[in-house]
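Residue numbers (this note's numbering): 22 to 152.
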């Protein structure tokens, strides 16, 4: 459950950035829609899953190391998600590994996702230890 909450925390922050950039309709295309609302839901479902995976693979770390782990996790998913998986699933194979200004903003968002998810996970783990 901690991973889901961490992923949702990171996803909400990254989702706000995506909404400002007008990227949520593209995310919705993964499920055959162009609705920003559908894109937000899809994004949060993915975020919850990625947060769960992060919680499973990252041990308890110091604050600094957890933040670094979150940033690295964000970079990994930036490469896998928007640079590889998304263009492949959307039939945009010419866009695979294309780094342009939108991709660089996506990098910022993915790193932000990872750092926020790491912070939430760290706080939840510390709270559980105190309880």
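Don't be surprised by glycine CBs; every beta carbon is placed ideally from N, CA and C.
Shown here, residue 80 sits in coil according to DSSP, grouped into three states, outside any helix or strand.
By the CB criterion at 8 Å, residue 104 and residue 50 fall outside the cutoff. When secondary structure is reduced to three states using DSSP, residue 122 falls in the helix class.
In the DSSP assignment, residue 46 falls within the alpha helix (DSSP H) that extends over 45-49. Distance check between residue 143 and each of 84, 97, 123, 129 places 84 closest, using alpha-carbon atoms only. Per DSSP, reduced to three states, the secondary structure at residue 22 is coil, with no helix or strand assignment. If you look at residue 107, you'll find it in the alpha helix (DSSP H) that goes 107-110. With a minimum length of 4 residues, the unbroken runs of alpha helix (DSSP H) contained wholly in the region 60-104 fall at 84-101.
A Cβ-Cβ distance of about 3 Å is found for the pair residue 91 and residue 139, placing them in contact under the 8 Å criterion. Taking a cut-off of 8 Å on C-beta distances, the region 34-48 does not touch the region 72-79, as fewer than three cross pairs fall below it. Contact annotation, residue 34 with residue 128: C-beta distance approximately 15 Å; criterion of less than 8 Å not satisfied.
DSSP places residue 127 within a helical segment (H, G or I) once states are collapsed to three.
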